[in-house]
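What follows is a short report on a single structure.
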Amino acid sequence: MRALWVAIFLCSFAFLGGAGELVVAVSTEPPTLDPTSDPAAAIDLILHHNLYECLVQVGKDGGFHPQLAESWEVSENGLVWTFRLREGVVFHDGTPCDAGAVRESFRRAMSPDSLNPHPEYFADIAAVEAVDTHTVRFRLVRPVPYFLAVLAQADSAIVPVKPRTGKPLGEYPVGTGPFRFGEWRPGDRIVLERNPNYYLPGIPRLERATFRFIPDDAARVLALRAGDVDVAVDVPPQLAVELQGDPDFTVVSGPMNLVQILAINNARQPFDRLKVRQAIAHAIDRKKIIELVSLGFGTPIGSHLTPGMPYYVDLTDLYPYDPERARELLAEAGFPHGFETTMTLPSNYEFHVRTGELIAAQLAAVGIEVKIQLVDWGTWLERVYAQADYDLTVIGHVGRLDPALMLTGYGAERPDYYFRRGWRNEELEQLLEEGKTCMDPERRREIYVRAQRIIAEEVVNYFIQDPHRIIAARAGIEGLAVYPVYVLDLTAVRNR
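Read in order, the letters of the sequence shown correspond to residues 188 to 683 in the numbering used here.
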């Protein structure tokens, strides 16, 4: 009898332990574990919000919320930002995360020899001061109305400058988040463990989170079905539809704040003619693309901003799908019988390839014959992005948290940007420059409403959709959500 009770106890203990663990299948292994030295999105997905934290955090609603900072205030001229820090916060190595630590973390990011992937984010910071143990003050060289957006990026994660581990953050990450580093088995998995000293009681709900690297889309879903993993991230739409009909699984999806565009080389004939670009816009049926390629997992957009970003304007009806009008515009532009062109697509992004193929068929219906050219990612970056050697391409632009950060490709500072060559608009350039320093929210709204309309009316690019990120999980996994940044926040996730 005693042996029976021991067996029951051990089984119960095993069940309770399993309930505190979560195994997540992701497509990409990070090249390093330090988001402040490498721009790889895979680092943010696994570690941002979970292991690393910032002064402020972007929430599911796209708003900015306190994280390591409890509150903040900004001076009337927008040049001084003061943050009050939470008390009692410690890094995973046991050192205090106080005002001095925050100051040194930013000085590290701002130093001339910094490896931070976005040094421009910190270029307007003149000084960082530790006013007292729990107050940090930033002095800026000019007003930065999007400063909270800068501080919420993983590039601004607060890290110890000299961690007690004696190892670089890229190998052994140290932050303040609800999970601390467990182990990294290259080519296999990253394990995070519950931070017992986290400043919020009862958080996280999991004891351990394991991220397994499974690059193949179908293999991730097979692992989920087999019970080898609890969650699969970035599930393709066609597989998500299958899982939606299965009561053993749940599917969570939402806009990922990604701008998918048909980029147009405005420097090449005949795309230097507005009527040709307008004809292209009328020839494309974005609703059909979302229906056939995304299987409904997409939000139509008509701007280089997404609905989750501040000041977004719905311009999807500006050039409605109208093949007959497209033919008329082509004739008016001097191409009554259409013309031939080439669409260069990155072969490693099946989603963009399928979109491009459907667009090519829609353009063919109005007389524009499109030859598809598939290239590897390195070639796309070198030829299309760096040299603007292309006619048309389909690609996604990762959404930022403010229009000032998102629309830089249209501004005066990027005249040779891959879709800007051969096109410029002085009014737009002036608006974008004003928007960088304008602290009046209503004026900023006017600026970016007008900016989006100029870009859309000129059909600098054709804007397709904000694809949805799709996460599939075993039934019983609670608390999963899609954020407007590339993270998988496990803070409130529970495995029943």
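Just so you know, even glycine gets a beta-carbon here, dropped at the ideal spot from N, CA and C.
| query | result |
| --- | --- |
| Inter-residue CB distance, histidine 539 and leucine 532 (contact presumed, cutoff 8 Å) | 6 Å |
| Secondary structure of isoleucine 401, DSSP reduced to three states | coil |
| DSSP bridge partner residues for isoleucine 658 (one or two, in chain order) | Val420 and Val439 |
| Run of the alpha helix (DSSP H) containing glutamate 621, from where it starts to where it stops | 613-622 |
| Of the listed residues Ala575, Trp567, Val211 and Ile555, nearest to leucine 409 (C-alpha basis) | Val211 |
| Helix, strand or coil at phenylalanine 196 [DSSP, three-state] | Caution applies to phenylalanine 196, whose pLDDT of 32 falls short of 50 and renders its modelled position unreliable; the model cannot decide the point. |
| For aspartate 417 and threonine 437, the rounded distance between their alpha carbons | 11 Å |
| Close-in-space but distant-in-sequence residues of the same chain around glutamine 244 (CB under 8 Å, 5 per side omitted) | His236, Phe251, His252, Pro253, Gln254 and Ala339 |
| Whole-Å CB distance - glycine 495 paired with asparagine 444, under 8 Å assumed | 5 Å |
| Whole-angstrom distance between alanine 256 and histidine 321, CA atom to CA atom | 9 Å |
| Same chain, Cβ closer than 7 Å to proline 226, neighbours up to 5 away in sequence not counted | Pro304 |
| From Gly666, Leu411 and Arg514, residue whose alpha carbon lies closest to that of aspartate 435 | Leu411 |
| Continuous alpha helix (DSSP H) assignments of at least 4 residues falling wholly in the segment 286-374 | 286-297 and 334-339 |
| Segment limits, beta strand (DSSP E) that includes leucine 492 | Unbroken run through leucine 492: none, as it is neither H nor E. |
| Contact between the segment 276-292 and the segment 355-364 (3+ Cβ pairs under 8 Å) | yes |
| Straight-line gap, asparagine 673 to tyrosine 635 (C-alpha atoms, nearest Å) | Here residue 673 turns out to be tyrosine, not asparagine, going by the sequence shown. Cα to Cα, tyrosine 673 sits roughly 24 Å from tyrosine 635. |
| Within the segment 525-566, ranges of the alpha helix (DSSP H) (whole runs, at least 4 residues) | 537-551 |
| 9 Å Cβ cutoff met for lysine 558 and leucine 517 | no |
| Local conformation of histidine 252 per DSSP, three classes | strand |
| Collapsed DSSP secondary structure at glycine 596 in the structure displayed | helix |
| Reduced DSSP category for isoleucine 634 - H, G, I as helix; E, B as strand; rest coil | helix |
| Sub-9 Å separation of tyrosine 604 and asparagine 452 beta-carbons | no |
| Alanine 294 to alanine 317 span [Cα, whole Å] | Note that residue 294 is arginine in the sequence shown here, rather than alanine. C-alpha separation (whole angstroms): 12 Å. |
| Isoleucine 448 - DSSP class collapsed to helix/strand/coil | strand |
| Leucine 568 to phenylalanine 270 span [Cα, whole Å] | 40 Å |
| Spatial neighbours of arginine 512 in its chain, beta-carbon cut-off 6 Å, leaving aside the 5 residues before and after | His469 |
| With 16 other Cβ atoms within 10 Å as the buried cut-off, status of asparagine 382 | buried |
| Closer than 8 Å: phenylalanine 293 CB and nearest the ligand SAH heavy atom | In the structure on display, the ligand SAH does not appear, and there are no ligands present to speak of. |
| Per-residue burial, alanine 466 [other beta carbons within 10 Å of its own, 16 or more giving buried] | buried |
| 6 Å CB neighbourhood of valine 378 in its chain, flanking five on each side removed | Gly369, Glu370 and Thr397 |
| Alpha carbon of alanine 314 to alpha carbon of valine 267, nearest angstrom | 10 Å |
| For leucine 203, three-class secondary structure by DSSP | At leucine 203 the pLDDT is 35, less than 50, meaning the model places this residue with poor confidence; the figure from the coordinates comes in the next sentence. Note: leucine 203 maps to helix in three-state DSSP. |
| Under 9 Å between C-beta atoms of threonine 580 and alanine 454 | no |
| For valine 581, the residue or residues it bridges with in DSSP | Leu449 |
| For leucine 209: DSSP bridge partner residues | Ala396 |
| Where the beta strand (DSSP E) containing valine 378 begins and where it ends | 376-381 |
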